[in-house]
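In what follows, a structure is listed as structure tokens, so that the remarks can point back to it.
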Amino acid sequence: MTLTARDIMNSDPPTVTVHATVHEVAVLLAQKNICAVPVLDEGVLVGIITEGDLIDRVKQVHLPTLINILDAVISVGGSHQFEEDLRKVAACKASEIMTPTLISVGPDADLRKIATVLAEQHVSVVPVVGEERLLGLIDKSDVIRGMLLSNEA
Numbered sequence: 001m002t003l004t005a006r007d008i009m010n011s012d013p014p015t016v017t018v019h020a021t022v023h024e025v026a027v028l029l030a031q032k033n034i035c036a037v038p039v040l041d042e043g044v045l046v047g048i049i050t051e052g053d054l055i056d057r058v059k060q061v062h063l064p065t066l067i068n069i070l071d072a073v074i075s076v077g078g079s080h081q082f083e084e085d086l087r088k089v090a091a092c093k094a095s096e097i098m099t100p101t102l103i104s105v106g107p108d109a110d111l112r113k114i115a116t117v118l119a120e121q122h123v124s125v126v127p128v129v130g131e132e133r134l135l136g137l138i139d140k141s142d143v144i145r146g147m148l149l150s151n152e153a
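Each residue of the sequence shown is one higher than the one before, counting from 1 in UniProt numbering.
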């Protein structure tokens, strides 16, 4: 039995719009315990935000510069600036941090094709798309589950 994307995908993944804030995206990822969320604009898939995208954005925040002098740590720049930078990041829109969707598979892609895309593109999730519409989302655990199902058949 050859499994396809349609067979193993999550056909109702959480999504956000391009207008969602980074804070809303972070809350969704944490609450749903997921590593990525598709970004839609009027129902059309336009991008994806991963945990990595959030971490990349936060690491750009000005961290207070610490100087170690004679075993005393003196903070230069203060935590106020850091907190303000975090507030600015949290208020950014999903469209500002998303990765535009370039990688996807169709609903009839077989398990081998899906595994190849995940491995060769170094991504943890791949959207399943038909006519620019998001049909579902496949992550690595879905592929492993599909492999197990294929072996049982």
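All C-beta atoms in this analysis are idealised placements derived from N, C-alpha and C, irrespective of residue type, glycine included.
Residues of the same chain with their beta carbon placed closer than 6 Å to that of leucine 102 are lacking, with the five preceding and five following residues left out of the count.
Cβ atoms of alanine 115 and valine 89 stay farther apart than 8 Å, at about 34 Å. Cα atoms of valine 37 and threonine 4: separation of roughly 21 Å, rounded to the nearest angstrom. For glycine 106, the closest of Glu24, Val44, Thr15 and Gly136 by C-alpha to C-alpha distance is Gly136. Residues of the same chain with a CB within less than 6 Å of the CB of leucine 111, apart from the 5 flanking positions on each side, are Leu3 and Gly146 in chain order.
About 6 Å separates the beta carbons of alanine 94 and valine 18, which is inside the 8 Å limit, making them a contact pair.
Looking at the backbone, the Cα of valine 22 and that of serine 150 are separated by about 38 Å. Shown here, asparagine 33 sits in coil according to DSSP, grouped into three states, outside any helix or strand.
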